[in-house]
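Just so you know, we're using my numbering here: the sequence shown kicks off at 543 and counts up by one. Backbone N, C-alpha and C define an ideal beta-carbon position, used for all residues, glycine too. Read the structure below first, then the notes.
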Amino acid sequence: MSGVKILFDFLPVALFFVVFKYADAHKAWAASFATGHLGFLIGGGVVGEKEAPILLATAVVIVATAAQVVVLKLLRRNVPRMLWVSLGLVVVLGALTIYLKSDTFIKWKPTLLYWAFAAVIALAPIVAGKGVLQAVMGGQFELPAEVWKRLTIAWVVFFAAMGALNLWVAYTLSTGAWVNFKLFGGIGLLLAFMVGQGVYLTRHLPDEPDEPEPG
Numbered sequence: 543m544s545g546v547k548i549l550f551d552f553l554p555v556a557l558f559f560v561v562f563k564y565a566d567a568h569k570a571w572a573a574s575f576a577t578g579h580l581g582f583l584i585g586g587g588v589v590g591e592k593e594a595p596i597l598l599a600t601a602v603v604i605v606a607t608a609a610q611v612v613v614l615k616l617l618r619r620n621v622p623r624m625l626w627v628s629l630g631l632v633v634v635l636g637a638l639t640i641y642l643k644s645d646t647f648i649k650w651k652p653t654l655l656y657w658a659f660a661a662v663i664a665l666a667p668i669v670a671g672k673g674v675l676q677a678v679m680g681g682q683f684e685l686p687a688e689v690w691k692r693l694t695i696a697w698v699v700f701f702a703a704m705g706a707l708n709l710w711v712a713y714t715l716s717t718g719a720w721v722n723f724k725l726f727g728g729i730g731l732l733l734a735f736m737v738g739q740g741v742y743l744t745r746h747l748p749d750e751p752d753e754p755e756p757g
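Printed below as a string of structure tokens:
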């Protein structure tokens with residue numbers, strides 16, 4: 543995965559974090575700005591200082607995710623199905639968050655996306671006859687079927703656990719702490735898991751044949 547693609551994939555999350563932190567540090571400005579620009583979308587038409595940061599961040603993440611799809615379309619690139627799922631979730635849950643001035647809905651978005659990933663990975667061998675990981679990495683690695691099965695189970699468990707962990711953070715800690723976890727915790731745990739997967743893969747890769755000595 544190239545650095546550009548990583549930045550592109552995580553851009554909405556990064557923008558969500560930046561906008562929330564800035565608005566949270568300037569609550570009076572955020573409330574006035576949100577009322578002026580989002581008031582027509584909100585029940586009652588007025589945004590208070592408490593909910594303004596999450597509403598502005600939610601509006602930005604909706605636009606950023608939609609922009610990802612538009613950019614891929616303009617470049618004539620394939621739009622991944624999970625990006626469509628992410629867009630659908632962020633539009634529906636984000637709209638509810640903005641209209642009802644409640645962060646509950648947007649906090650569920652990562653969990654539903656994680657669980658969607660887990661469901662796709664778990665069901666792919668049954669529906670398509672081939673696992674997602676094998677389809678993606680099969681051209682790079684030759685592994686026994688049992689190893690592919692273990693990797694599949696590991697990814698399903700990881701995404702299911704991440705979904706549950708997101709809810710625990712969302713309902714136990716403050717909104718600010720959840721925003722921190724959404725960016726740093728989510729990405730950090732994913733990278734750590736991928737490193738662990740890489741270590742596991744190196745143990746099961748076939749040995750390369752010895753090069754013949756020059757005669």
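Query	Result
Is the separation between the beta-carbon of A608 and that of V561 shorter than 8 Å?	no
Check whether the Cβ atoms of A594 and A660 sit closer than 8 Å, and answer yes or no.	no
Relative to the C-alpha of K547, which residue among I695, D645, A637 and R619 is closest?	R619
Go ahead and label K592 buried or exposed: buried means 16 or more other beta carbons lie within 10 angstroms of its beta carbon, across all protein chains shown.	exposed
Whose C-beta lies closer than 6 Å to the C-beta of T577 among residues of the same chain, with five residues either side of it excluded?	V588 and V589
Tell me which residue opens and which closes the alpha helix (DSSP H) that R488 is part of.	The question about residue 488 has no answer, for the chain in this structure spans 543 to 757.
Check whether the Cβ atoms of L685 and Q739 lie closer than 8 Å to each other.	no
For L614, name the three-state secondary structure that DSSP assigns.	helix
Is it buried or exposed for Y742, if we count other Cβ within 10 angstroms and need 16 for buried?	exposed
Hey, F559 and V721: beta-carbon distance below 8 Å or not?	yes
Quick one, which of A666, I596 and K651 has its alpha-carbon nearest I640's?	I596
On the CB-based measure, 16 or more other CB atoms within 10 Å of its CB, does A715 come out buried or exposed?	First, the residue type needs correcting, since residue 715 is Leu and not Ala in the sequence shown. Result: exposed.
Since K651 and V632 should fall inside the 8 Å C-beta cutoff, what is the C-beta to C-beta distance between them, to a whole number of angstroms?	6 Å
What whole-angstrom Cβ distance do M624 and A573 have, given they're in contact under 8 Å?	With 8 Å as the limit, M624 and A573 do not qualify as a contact, their Cβ atoms being about 34 Å apart.
Between G705, Q610, V605 and A696, which lies nearest to G728 when the distance is taken from Cα to Cα?	G705
What does a CB cutoff of less than 6 Å around A664 pick up in its chain, not counting 5 residues either side in sequence?	V698
Buried or exposed for A565, going by 16 or more other Cβ atoms inside 10 Å?	buried
On the DSSP letters alone, give me the boundaries of the alpha helix (DSSP H) that R619 sits inside.	Neither: R619 is in no alpha helix (DSSP H) and is coded neither H nor E.
Taking only the alpha-carbon atoms, compute the straight-line gap between T646 and L638 and give it to the nearest angstrom.	9 Å
Classify G757 as helix, strand or coil using the three-state DSSP reduction.	For G757, the pLDDT reaches just 46, beneath the cut-off of 50, and the residue's location in the model is therefore unreliable, leaving the point undetermined.
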